[in-house]
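J.: Residue numbers (the UniProt record's numbering): 1 to 210.
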């Protein structure tokens, strides 16, 4: 399988870090957190970094430049990006910027099955989500107020996130309003009636043996 067919968000973040200069895993992890990229990828523990590095190395996208020990500390391998790694970084970025429909956010899954809960429970949980998003939006607004004359190209990530949060907050407000006024509501009897009305015709017979 080609490396360009096995992209990952964390793998790309590591590759971009190594685009700047060779470095060891600890510095990669620290750099990701210092630049706020831990909001984009899960790097709570350094183990995820080591796993990503191992995978990138197996794909030939990075290589060990040097290794040694400092002040009797455990050996630290310094990694550098390879020519193939630089090419793959470009491929992955282009794919990520152009492709749609390949993301599976948990919130969307939750929304699709929210009738398993009661309308009151859904209202309570969505209210909490809206409050958290409002806190995030306030924080993003503060970032822009403090940004000063930072070139826009370095603020695009925050711009997109702020626009997404605002859009979701507007949508949540509409749903919560309909839940409060009972324009959106359901109960077990109603759900059974709807299920019977729109029942999918599924052929549940056993398929041919292979």
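Ideal Cβ placement from N, Cα and C applies to all residues, glycine included. Predicted model only: the values in this text are computed from it and were never measured.
Buried or exposed for residue 26, please, with buried defined as at least 16 other CB atoms from any protein chain shown within 10 angstroms of its CB.
T.: Looking up residue 26 in the chain shown gives position 26. With fewer than 16 other Cβ atoms within 10 Å, it is exposed.
J.: Suppose only complete runs of 4+ residues qualify. What are the alpha helix (DSSP H) ranges in the stretch 161 to 207, listed by chain order?
T.: Within the stretch 161 to 207, the complete alpha helix (DSSP H) runs of at least 4 residues are 188 to 197.
J.: Going by DSSP in three states, residue 78 sits in which element: helix, strand or coil?
T.: As a working note, residue 78 is residue 78 in the chain shown. Strand at residue 78.
J.: Do you know offhand how far residue 199's Cα is from residue 172's?
T.: The residue labelled residue 199 in the question sits at position 199 within the chain shown. The residue labelled residue 172 in the question sits at position 172 within the chain shown. Each residue's Cα considered, the two are about 29 Å apart.
J.: Whose C-beta lies closer than 6 Å to the C-beta of residue 41 among residues of the same chain, with five residues either side of it excluded?
T.: Stepping through the chain shown from its first residue, residue 41 is reached at position 41. Excluding positions up to five away in sequence, the list reads 9, 10 and 13.
J.: Buried or exposed for residue 29, going by 16 or more other Cβ atoms inside 10 Å?
T.: Counting from one through the chain shown, the residue named residue 29 turns up at place 29. Answer is buried; the Cβ neighbour count reaches 16.
J.: Tell me the DSSP secondary structure of residue 155 in three-state form.
T.: Counting from 1 along the chain shown, the entry for residue 155 is found at position 155. Reduced to three states, the DSSP call for residue 155 is coil.
J.: Look at the Cβ atom of residue 81, then the Cβ atom of residue 19, and state whether they are nearer than 7 Å.
T.: To locate residue 81, count along the chain shown from 1; it is residue 81. To locate residue 19, count along the chain shown from 1; it is residue 19. Yes, Cβ-Cβ distance for residue 81 and residue 19 is below 7 Å.
J.: How many angstroms separate the CA atom of residue 55 from the CA atom of residue 182?
T.: Looking up residue 55 in the chain shown gives position 55. Looking up residue 182 in the chain shown gives position 182. Each residue's alpha carbon lies about 51 Å from the other.
J.: Cα separation between residue 74 and residue 158?
T.: Locating residue 74 in the chain shown gives position 74, where the first residue counts as 1. Locating residue 158 in the chain shown gives position 158, where the first residue counts as 1. Residue placement at residue 74 cannot be trusted, given a pLDDT of 43 that sits under 50; what the coordinates show is reported in the next sentence. Looking at the two C-alpha atoms, the distance is approximately 38 Å.
J.: In terms of residues, what are the limits of the alpha helix (DSSP H) holding residue 132?
T.: For the purposes of this step, residue 132 is identified with residue 132 of the chain shown, where counting begins at 1. First-last of the alpha helix (DSSP H) with residue 132: 119 to 147.
J.: Tell me residue 96's beta-bridge partners as DSSP assigns them.
T.: Against the chain shown, residue 96 aligns to sequence position 96. Answer is none; residue 96 lacks a bridge partner.
J.: Can you tell me which residues form a DSSP beta bridge with residue 64?
T.: Along the chain shown, read from residue 1 onward, the residue named residue 64 stands at position 64. Bridge partners of residue 64: 79.
J.: Near residue 107, which residues of its chain fall below 7 Å by C-beta distance, leaving aside the five closest residues on each side in sequence?
T.: Position 107 of the chain shown, counting from 1, holds the residue named residue 107. Cβ within range, chain order: n/a, list empty.
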